[in-house]
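Undergrad: The working numbering puts the first residue of the sequence shown at 19, with every later residue one more than the last. Heads up, the beta-carbon is just placed ideally off N, CA and C, and yes, glycines get one too. All values reported here derive from a predicted model rather than from experimental measurement.
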Amino acid sequence: MTELLPVAARAADLRNTFDQARAIPFSSDAVARIENLLAIRVSGDAFAIRLSEISGLATDRKIVAFPSPIAELLGIAAIRGRLVPVYSLAALLGYSAHSSQGRWLILCGVEEPLGLVINDFEGQVRVPLGQIYTAAQEDAASTHVSHVVRTADMTRGLVSIPLIMETIQRRCGERAVPVQQES
């Protein structure tokens, strides 16, 4: 019976440690220090997007093309009962036009939604905020990638959806043709 006493003592010690850990109040700081990301590939390169910056993800939507002076605009698609302009994320990041084909559509914005076509969706990644670093501004994609994130298996460029949307709005405004009123 004396052989079981150390095992029982160890079990009681583990139980107390567990109970004490659960008695500590939950800290919202612990949750705030984790960033949820969408891991994607654009033309074979690894990127990530903050989940907090998108409104959804769709697959295999029919995109109806139409002529436009904005090269990145692929057309429109019906999403959630609305017509949504669809842009090539690859083209917005400086990749060639042929790399814009993809089956995944990242939905952005609520008031004026838009879609971004990507080649590959790899999944969701959770990383501590300490794994996100400011990116060196040497790349063509750097205008929309101001940070990089180190995940368990690689380093990814962190695409800024607000910067992408700002660029799209600016390009649409530059291309707008003023309506002439008859006098």
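Under the three-state reduction of DSSP, which class applies to residue 189: helix, strand or coil?
TA: Three-state result, residue 189: helix.
Undergrad: Does DSSP put residue 90 in a helix, a strand or coil?
TA: If DSSP states are grouped into helix, strand and coil, residue 90 belongs with coil.
Undergrad: For residue 123, is the classification buried or exposed, using 16 other Cβ atoms within 10 angstroms of its Cβ as the cut-off for buried?
TA: Buried, by the Cβ-count rule.
Undergrad: At 4 residues or longer, and completely inside the stretch 96–153: list those alpha helix (DSSP H) runs for me, N to C.
TA: Runs found: 107–110.
Undergrad: Whole angstroms is fine: what's the gap from residue 195's alpha carbon to residue 179's?
TA: With a pLDDT of 47 at residue 195, under the threshold of 50, the modelled position of this residue cannot be trusted; read the value that follows with caution. Spanning the two alpha carbons is a distance of roughly 26 Å.
Undergrad: For residue 77, name the three-state secondary structure that DSSP assigns.
TA: If DSSP states are grouped into helix, strand and coil, residue 77 belongs with the strands.
Undergrad: Quick one: residues in its chain with C-beta nearer than 6 Å to the C-beta of residue 48, no 5 flanking neighbours on either side, listed in chain order?
TA: Note on residue 48: pLDDT 48, under 50, position unreliable in the model; no value is reported.
Undergrad: Among all the DSSP beta bridges, which residues are the ones paired with residue 56?
TA: Partner(s): 67, 142.
Undergrad: Among 126, 54, 62, 61, which has the Cα closest to the Cα of residue 76?
TA: When each option's Cα is compared against that of residue 76, the closest is 126.
Undergrad: Please name the residue or residues paired with residue 23 in a DSSP beta bridge.
TA: Per DSSP, none; premise fails for residue 23.
Undergrad: How many Å lie between residue 63 and residue 111 at the Cα?
TA: Straight-line Cα distance between these residues: approximately 11 Å.
Undergrad: Give the DSSP bridge partners of residue 173, in chain order.
TA: Beta-bridge pairing links residue 173 to 168.
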